[in-house]
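Heads up, the thing below is written out as structure tokens.
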Ligand SMILES: [Zn+2]
Ligand SMILES: [Zn+2]
């Protein structure tokens, strides 16, 4: 299994290894996913990158992500019906969605559930595990008093 560490330095080489021609926008889009780990939507990626890459369009972002998914280096996450987010395919981990600030964070990469190869006699190929609740930062704000936003 291809294992990707979050701190990969040579994105161009990584893309090439996975059969992807490393054009500038492909490198920038993949770099964004690796760097921020924020599980962005296409809109988020576009709005963050279009200033750096003026020729970038939303369609390009969408097509690039589709290519990454096809090549198996990115996965789509559908946690809310109306929101498709993306994550790089690395070590298996669960996601925690904060219902207050909307953030989607990585949790418990060493959870025992990920070590399971089968469930009730069925072979596991992918894990999609997520939790919903209130994140640490929001809890602090709530417990810290009345002047949270
Ligand atoms: Zn939160
Ligand atoms: Zn993740």
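Residue numbers (this note's numbering): 168 to 316. For glycine and all other residues, C-beta sits at the position ideal for the given N, C-alpha and C.
Reduced DSSP secondary structure (H/G/I, E/B, other) of residue i
| i | result |
| --- | --- |
| residue 181 | helix |
| residue 200 | helix |
| residue 195 | helix |
| residue 289 | strand |
| residue 230 | helix |
| residue 225 | helix |
| residue 236 | helix |
| residue 284 | coil |
Cβ-based burial, residue i [other Cβ within 10 Å; buried from 16]
| i | result |
| --- | --- |
| residue 264 | buried |
| residue 262 | buried |
| residue 207 | buried |
| residue 274 | exposed |
| residue 218 | exposed |
| residue 196 | buried |
| residue 209 | buried |
| residue 223 | buried |
| residue 181 | buried |
| residue 193 | buried |
Endpoints, beta strand (DSSP E) assigned at residue i
| i | result |
| --- | --- |
| residue 265 | 261-265 |
| residue 321 | One cannot answer for residue 321 here, as it falls past the ends of the chain, which runs 168 to 316. |
| residue 298 | 297-300 |
| residue 333 | The structure shown does not extend to residue 333, since the chain is modelled only from 168 to 316, so the question has no answer here. |
N- and C-terminal bounds of the alpha helix (DSSP H) containing residue i
| i | result |
| --- | --- |
| residue 319 | The question about residue 319 has no answer, for the chain in this structure spans 168 to 316. |
| residue 251 | Element bounds for residue 251: not the alpha helix (DSSP H) but the beta strand (DSSP E), 250-255. |
| residue 210 | 209-216 |
Integer-rounded CB distance, given that residue j should sit under 8 Å from residue i
| i | j | result |
| --- | --- | --- |
| residue 240 | residue 220 | Incorrect: roughly 20 Å between the Cβ atoms, too far for contact. |
| residue 200 | residue 253 | 6 Å |
| residue 178 | residue 198 | 5 Å |
| residue 280 | residue 292 | The Cβ separation is near 14 Å, so there is no contact. |
| residue 147 | residue 272 | Only positions 168 to 316 of the chain appear in this structure, which leaves residue 147 out of reach. |
### Task
Determine contact between the segment 221-229 and the segment 264-274, defined as no fewer than three beta-carbon pairs at a distance below 8 Å.
Taking a cut-off of 8 Å on C-beta distances, the segment 221-229 does not touch the segment 264-274, as fewer than three cross pairs fall below it.
### Query
Counting Cβ pairs closer than 8 Å, one from the segment 282-290 and one from the segment 243-254, do we hit at least three?
Cβ pair count under 8 Å is below three, so no.
#### Entry: Sufficient close CB pairs (3 or more, under 8 Å) joining the segment 232-240 to the segment 186-204
By the Cβ rule, the segment 232-240 counts as touching the segment 186-204, because three or more pairs are nearer than 8 Å.
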